[in-house]
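Below: one structure, written as structure tokens.
2 protein chains.
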Amino acid sequence: MADGRSASSVSGESLLFLTDEQLRQGIEAMFFAYRGFTADPDRILDDMAYGRAHHRAIHFINRAPGTTVNNLLAILGVTKQSLNRVLRTLISDGLVESRVGRNDKRERHLHLTEAGRALEQTLSDAQRTRMRAAFRTAGPEAVAGFRTVLEAMMDQEMRASYIRLKETGA
Amino acid sequence: MADGRSASSVSGESLLFLTDEQLRQGIEAMFFAYRGFTADPDRILDDMAYGRAHHRAIHFINRAPGTTVNNLLAILGVTKQSLNRVLRTLISDGLVESRVGRNDKRERHLHLTEAGRALEQTLSDAQRTRMRAAFRTAGPEAVAGFRTVLEAMMDQEMRASYIRLKETGA
DNA sequence: CTTGGAGTGTCAACAAGGCTGACGTATTGT
DNA sequence: ACAATACGTCAGCCTTGTTGACACTCCAAG
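Chains as they are written, first to last, in the working numbering: chain P, 247 to 416; chain A, 247 to 416.
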């Protein structure tokens, strides 16, 4: 906390963006924006028997097909019991397929079915539409800043997961 | 869906930051970052009998002292029953004070007590520490972009609340 | 071959914190 | 006088998180 002190007085650049008031505005921005961020898929899910937890599972299974339950657990940061409840309904509803591992048959590899991919598409379309509008309004430089700050805000392991996914997808 | 493609060919400025892959990374960044965002206060609250809902109430009561229940309801976006449950414990634990309105005696104006302010300080210190570290790492331009994107991502009414608070605090 | 441990699934019980609906009580404004 | 507003509360439901306990399958080491 006291380490940035020396650097701050060095140059002429003001560190006014680090005042408590600025930080509080950042906090409130996160709070309000996250509500918007989840609002659209939530609306869709309410019409079904699903919730946000189902969305998250579907998203990351789609993103990393064949992932194991344990891996998904780590990414989502919940207990296996909690995930299992969600997974069970998704599997029995035919949206997710659980395949026994070839090398290690204890593992279950998760894949979306055709129906699962369809739902994923619907949900992420809704979410991307909002994100796209926000990105377009803000412009490329703002988006770069947005990503930089968010990345710096993550926990260590979360950042690792995030980067792993990022590199996989690119 | 396919519109991010077609728009990309329009002008000389590349719209590569609007590809589905970029949007998806933005979505995942929000997901992981929000976890970090709430992690520190959550840890503190776990040791008490409180949860994230209490934190939110305390935050906004501190931010807008004397606010009415209805107003708080609108900001938090929950039902009065849900808020009341939280408020009841905070009041009976002596962290929040509910004063009958002078002009309109139906209204209750909410204030933090000394103990309430102390807890608020503890919680927001934890949250601001992380936010400050992230801001400092990212730099002022990134922070500006961060805020711009988040603001564009909010719902209409949320943005109104956000801006109202912003102007009040400044 | 036996056995320990890892990965997984499942049951039970519980809590936080959302929600709806209904009702009661002041208080205020028409 | 009456309707509307602001608030509190009871009751009940849902999702999604938690712990704890236990069983099963399979792999690998002894």
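Here a beta-carbon is modelled for each residue, glycine too, at the ideal position from N, C-alpha and C. Nothing here was measured: the structure is a model prediction, and the numbers come from that model.
Give the residues of chain A in contact with residue i, contact being defined as C-beta atoms less than 7 angstroms apart.
i: residue 386 of chain P; result: 263
i: residue 364 of chain P; result: Neighbours of residue 364 of chain P on chain A: none; closest Cβ ~13 angstroms, over 7 angstroms.
i: residue 376 of chain P; result: 399
i: residue 411 of chain P; result: 274
i: residue 394 of chain P; result: 384 and 388
i: residue 285 of chain P; result: 401
I need the DSSP call for residue i, collapsed to helix, strand or coil.
i: residue 344 of chain A; result: strand
i: residue 261 of chain A; result: coil
i: residue 354 of chain P; result: strand
i: residue 394 of chain P; result: helix
i: residue 284 of chain A; result: helix
i: residue 335 of chain A; result: helix
Please compile the residues from chain A whose C-beta is within a distance smaller than 9 angstroms of the C-beta of residue i.
i: residue 356 of chain P; result: None at all; the shortest Cβ gap to chain A is about 18 angstroms.
When you compare the CB positions of residue i and residue j, do they come within less than 8 angstroms of one another, or not?
i: residue 359 of chain P; j: residue 332 of chain P; result: no
i: residue 286 of chain P; j: residue 378 of chain P; result: no
i: residue 415 of chain P; j: residue 357 of chain P; result: no
i: residue 389 of chain A; j: residue 391 of chain P; result: yes
i: residue 278 of chain P; j: residue 276 of chain A; result: no
i: residue 393 of chain P; j: residue 272 of chain A; result: yes
i: residue 366 of chain A; j: residue 308 of chain A; result: yes
i: residue 354 of chain A; j: residue 314 of chain A; result: yes
i: residue 411 of chain P; j: residue 310 of chain P; result: yes
i: residue 274 of chain A; j: residue 408 of chain P; result: yes
Assuming residue i is part of the beta strand (DSSP E), what are its boundary residues?
i: residue 374 of chain P; result: Not the beta strand (DSSP E): residue 374 of chain P falls in the alpha helix (DSSP H), residues 360 to 384.
What distance in whole Å lies between the Cβ atoms of residue j and residue i, which are believed to be in contact at a cut-off of 8 angstroms?
i: residue 364 of chain A; j: residue 340 of chain A; result: About 11 angstroms; that fails the 8 angstroms criterion.
i: residue 264 of chain A; j: residue 381 of chain P; result: 6 angstroms
i: residue 304 of chain A; j: residue 369 of chain A; result: 7 angstroms
i: residue 281 of chain A; j: residue 404 of chain P; result: 6 angstroms
i: residue 374 of chain P; j: residue 266 of chain A; result: 7 angstroms
Can you give me the start and stop residues for the alpha helix (DSSP H) that residue i sits inside?
i: residue 325 of chain A; result: Element bounds for residue 325 of chain A: n/a, residue is neither H nor E.
i: residue 404 of chain P; result: 402 to 415
i: residue 308 of chain P; result: 298 to 309
At a CB-CB cut-off below 8 angstroms, which residues of chain P make contact with residue i?
i: residue 407 of chain A; result: 278
i: residue 281 of chain A; result: 323, 400, 401 and 404
i: residue 270 of chain A; result: 309, 370, 374 and 415
i: residue 266 of chain A; result: 374
Whose Cβ in chain P lies nearer than 7 angstroms to the Cβ of residue i?
i: residue 380 of chain A; result: 395, 398 and 399
Taking Cβ-Cβ distances shorter than 9 angstroms, what residues in chain P pair up with residue i?
i: residue 297 of chain A; result: Per Cβ cutoff of 9 angstroms: no residues; residue 297 of chain A is ~15 angstroms from chain P at best.
Applying a beta-carbon distance threshold of less than 8 angstroms, which residues of chain A neighbour residue i?
i: residue 312 of chain P; result: In chain order: nothing, as chain A lies at least about 18 angstroms away.
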